[in-house]
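The block underneath contains the structure these notes are about, expressed in structure tokens.
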Amino acid sequence: MYAIRCAFCRINSYAAALKAWKDGAIFRSNREGPRGLDGTRKKHLTVERTEAEDIILRLHECPVVTWHKDGSITIVGYNSKSTIVFAKHCTPDGMSARMCGGRFAIDIHSKWGWRTYQVANKITFRQRDGDWKADEITPWMIDQVNRERAKQALSETGYSEFRAWLIVYTQMAAQPSHRNYEKNKLALLHDRSKWRELAACYPEAWRDVERALGSLRKTIYYEHNCIEQKPVAFLG
Numbered sequence: 002m003y004a005i006r007c008a009f010c011r012i013n014s015y016a017a018a019l020k021a022w023k024d025g026a027i028f029r030s031n032r033e034g035p036r037g038l039d040g041t042r043k044k045h046l047t048v049e050r051t052e053a054e055d056i057i058l059r060l061h062e063c064p065v066v067t068w069h070k071d072g073s074i075t076i077v078g079y080n081s082k083s084t085i086v087f088a089k090h091c092t093p094d095g096m097s098a099r100m101c102g103g104r105f106a107i108d109i110h111s112k113w114g115w116r117t118y119q120v121a122n123k124i125t126f127r128q129r130d131g132d133w134k135a136d137e138i139t140p141w142m143i144d145q146v147n148r149e150r151a152k153q154a155l156s157e158t159g160y161s162e163f164r165a166w167l168i169v170y171t172q173m174a175a176q177p178s179h180r181n182y183e184k185n186k187l188a189l190l191h192d193r194s195k196w197r198e199l200a201a202c203y204p205e206a207w208r209d210v211e212r213a214l215g216s217l218r219k220t221i222y223y224e225h226n227c228i229e230q231k232p233v234a235f236l237g
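The sequence shown finishes on residue 237 if you use the numbering used here, and the numbering steps up by one all the way, no holes.
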């Protein structure tokens with residue numbers, strides 16, 4: 002996949018952004034407009050100073066990063082590899098851009114570890130108490146198990162009995178040579194005579210039985226609507 006190459010000096014502060022503008026290449030066709038970050042030939046990499054003295058760093062005319070005079074920074078998310086490379090090059094130390102779950106995201110390294118913020122359109126960070134913190138947050142939606150429903154679902158499906166049987170079975174029987182790709186695993190779980198067929202759906206159980214059982218529990222939870230969406234401010 003094509004991605005740009007940022008050959009200009011890294012911009013990790015407002016002072017560095019202002020210097021990039023002062024040192025920027027002036028285009029003869031528009032002397033008062035944006036300046037080139039990497040000479041006049043690469044017109045897709047530009048820097049501009051606004052009347053408020055904010056510094057806008059553009060990729061293909063898109064204002065990907067804006068350094069504000071007060072030291073805060075605004076990042077606009079576009080789902081492209083080039084935008085990620087450009088944003089990484091124009092953001093402060095301890096801040097990075099990447100795709101996360103198909104969404105443009107910003108990673109922040111803080112005193113408590115890494116935090117990952119979702120960028121729905123744009124996001125502004127400013128330093129508070131020595132950390133970069135977002136002004137407004139677009140929450141991530143993560144899966145959370147409803148424990149009460151899950152307990153009932155496991156009881157109704159006979160999971161505990163199968164678990165006890167599988168632990169013994171994997172110690173006594175040979176590992177299946179082929180995986181069983183049966184989609185309706187719960188139908189096999191309900192019928193004790195088909196537990197060997199169900200076990201063959203998880204040949205990894207002979208290496209790690211708890212991991213295989215975890216996969217089965219996940220299937221049960223989804224089939225019995227035990228999974229709920231929970232909003233969180235950031236991932237970490």
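Glycine residues also receive a C-beta, built at the ideal position from the N, C-alpha and C atoms.
Counting along the chain, residue 141 sits inside the beta strand (DSSP E) bounded by residues 141-146.
Taking a C-beta distance under 9 Å as the contact criterion, residue 60 and residue 5 qualify as a contact pair. Residue nearest to residue 156 within the set 191, 135 and 186 is 191 (criterion: CA-CA distance). Annotation: the continuous alpha helix (DSSP H) that includes residue 164 extends over 160-173. For residue 52, there is no enclosing beta strand (DSSP E), as DSSP marks it with neither H nor E. By the Cβ neighbour-count rule, residue 158 is buried, with 16 or more other Cβ atoms within 10 Å of its own. Closest in alpha carbon position to residue 69, among 93, 78 and 82, is 93.
Taking each of 47, 162, 91 and 118 in turn and checking the Cα distance to residue 33, the smallest one comes out for 47.
Secondary structure of residue 26 (DSSP, three-state): strand.
For residue 66, the secondary structure class from DSSP, reduced to helix, strand or coil, is strand. Between residue 175 and the set 80, 206, 27 and 184, the nearest pair of CA atoms involves 206. Unbroken alpha helix (DSSP H) runs of no fewer than 4 residues, entirely contained in the stretch 74-104, are found at 82-90, following chain order. Straight through space, the alpha carbons of residue 64 and residue 52 are spaced by roughly 16 Å.
The alpha carbon of residue 122 has as its nearest neighbour, out of 203, 66 and 55, the alpha carbon of 66. When only Cα atoms are considered, residue 228 and residue 139 end up about 21 Å apart. For residue 196, the enclosing alpha helix (DSSP H) begins and ends at 196-200.
Cβ atoms of residue 77 and residue 141 stay farther apart than 8 Å, at about 19 Å. In terms of CA proximity to residue 153, 221 leads the group 43, 193, 221 and 75.
At a Cβ-Cβ threshold of 9 Å, residue 39 and residue 9 count as neighbours. Note on residue 119: 16 or more other CB atoms within 10 angstroms of its CB, so buried under the neighbour-count rule. Taken through DSSP and simplified to helix, strand or coil, residue 233 comes out as strand.
Taking residue 111 as reference, the option from 149, 103, 132 and 101 with the minimal CA-CA separation is 132.
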